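Chains as they are written, first to last, in the working numbering: chain A, -13 to 108; chain B, 354 to 633.
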């Protein structure tokens, strides 16, 4: 009985050792200030949007987007749809061909990682 | 005892063979884990009906609870290796594990199989290489870059203006001038008080970003002395200064790695007690 208990504890301990290895795996995640926005994208099988703050910071002041255009500070609280962008709200205020490039270059924004359980329909 | 040794060996080998692919899966999950840079909520657990509910309200804290599996929760907490972590005395100070100025192909977030990511997306090094340097965050001092002297870099008295970002899109909003007002925020204990410079902040932000409430929430900072109970715990969680400088979800400006950058007041002779200024 004691031998069985001993063997099972060893089995369990070695099993746990292997299961905790992923806990110490590091990974990279983008440039500082990059935000991943996925309110609607992955449900429509588009890749989530990766928004780089630094690219915009060298061209626009914070107050332009966060006060004039209505972007909120809380990630996930801005419901931005492609319809809004086409109408000139949110991102569409600049990405309309006049101030910056137009919004029909899909992959420039939608380049984030798909969540694991959502398929990307090619 | 030979039999047990044999059994141990066999169990180790089987576990090695069976469970080793799990580590690869975990790594892939890490690079595809949208949750880490986006923060909570755990979108896999919210039903599809709820996902399409328009979120016109500010979600309260209940939405962002950590309902994950304990193994992956442990992985989320260890966001920086111990050798790179500053201020590791406080478990609330979590650092994102970011390779600074990594080109988009290699940064672990952009999907490297896309042609756009390989060819068209601007690399941080190209975009930011001539700007005034900093040791934290984006590695650029965004106040000096506008031609303003900053508290954190007192040797540079007259920086030249390197970028000219757009000031206003909507001409009906007034273009606020830079406000030169320093606020001294007392810090509990022996650590120097915080000197908050409005100058650098108002060049980038407008008054309403911090001082006007969004929907029914309180503003980030109530513009009244003693009305903001600011603690490092609150900052580390993403309130007050942490809306931009800290917090797992929102960090955009330089992080709270360097204490002296904000706690730049004169040295104290005796510690400040807690109840001197905070209304609880």
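We put the CB at the ideal spot given by N, CA and C, even for glycine.
Keep in mind it's a predicted model, so treat the numbers as computed, not measured.
Per DSSP, what are the beta-bridge partners of residue i in this structure?
i: residue 535 of chain B; result: B:550
i: residue 625 of chain B; result: B:542
i: residue 20 of chain A; result: A:38
i: residue 486 of chain B; result: B:493
i: residue 44 of chain A; result: Answer by DSSP bridge pairing: none, since residue 44 of chain A is not bridged.
i: residue 361 of chain B; result: In DSSP, residue 361 of chain B forms no bridge with anything.
i: residue 519 of chain B; result: A:46
Measure the beta-carbon distance from residue i to residue j and round it to whole angstroms, keeping in mind my assumption that it falls under 8 Å.
i: residue 513 of chain B; j: residue 618 of chain B; result: The pair is not a contact, with the Cβ atoms about 29 Å apart (cut-off 8 Å).
i: residue 357 of chain B; j: residue -11 of chain A; result: 6 Å
i: residue 587 of chain B; j: residue 595 of chain B; result: 7 Å
i: residue 49 of chain A; j: residue 558 of chain B; result: 5 Å
i: residue 516 of chain B; j: residue 44 of chain A; result: 5 Å
i: residue -7 of chain A; j: residue 368 of chain B; result: That belief does not hold up - the Cβ atoms of residue -7 of chain A and residue 368 of chain B are roughly 13 Å apart, past 8 Å.
i: residue 41 of chain A; j: residue 480 of chain B; result: 6 Å
Would you mind working out which of the options sits nearest residue i, comparing C-alpha positions?
i: residue 545 of chain B; options: B:614, B:365 and B:469; result: B:614
i: residue 562 of chain B; options: A:56, A:43, A:17 and A:26; result: A:56
i: residue 625 of chain B; options: B:547, B:488 and B:530; result: B:547
i: residue 66 of chain A; options: A:38, A:23 and A:54; result: A:23
i: residue 38 of chain A; options: A:105, A:54 and A:98; result: A:98
i: residue 63 of chain A; options: A:52, A:72 and A:93; result: A:52
i: residue 591 of chain B; options: B:540, B:355, B:627 and B:574; result: B:574
i: residue 47 of chain A; options: B:519, B:597 and B:491; result: B:519
i: residue 87 of chain A; options: A:100, A:72 and A:18; result: A:72
i: residue 58 of chain A; options: B:582, B:608, B:572 and B:589; result: B:572
i: residue 26 of chain A; options: A:74, A:70, A:81 and A:80; result: A:70
i: residue 104 of chain A; options: A:41, A:79 and A:31; result: A:31
i: residue 600 of chain B; options: A:74, A:79 and A:60; result: A:60
i: residue 612 of chain B; options: B:621, B:585, B:627 and B:623; result: B:585
i: residue 616 of chain B; options: B:623, B:579 and B:539; result: B:539
i: residue 463 of chain B; options: A:28, A:20 and A:84; result: A:20
i: residue 581 of chain B; options: B:589, B:593 and B:570; result: B:593
i: residue 17 of chain A; options: B:370, B:453 and B:372; result: B:453
i: residue 315 of chain B; options: B:597, B:620 and B:579; result: The structure shown does not extend to residue 315 of chain B, since chain B spans only 354 to 633, so no value can be given for it.
i: residue 549 of chain B; options: B:543, B:493 and B:533; result: B:533
i: residue 100 of chain A; options: A:29, A:-1, A:-13 and A:-2; result: A:29
i: residue 621 of chain B; options: B:460, B:458, B:542 and B:476; result: B:542
(request) Specify whether the stretch 542 to 553 of chain B and the stretch 494 to 505 of chain B touch according to this definition: at least 3 beta carbon pairs, one from each stretch, less than 8 Å apart. (result) yes
(request) Could you tell me whether the stretch 78 to 97 of chain A touches the stretch 464 to 482 of chain B, using the rule of 3 or more Cβ pairs below 8 Å? (result) yes
(request) Quick one: which unbroken beta strand (DSSP E) runs of 3-plus residues sit fully inside the stretch 593 to 620 of chain B? Chain order, please. (result) none
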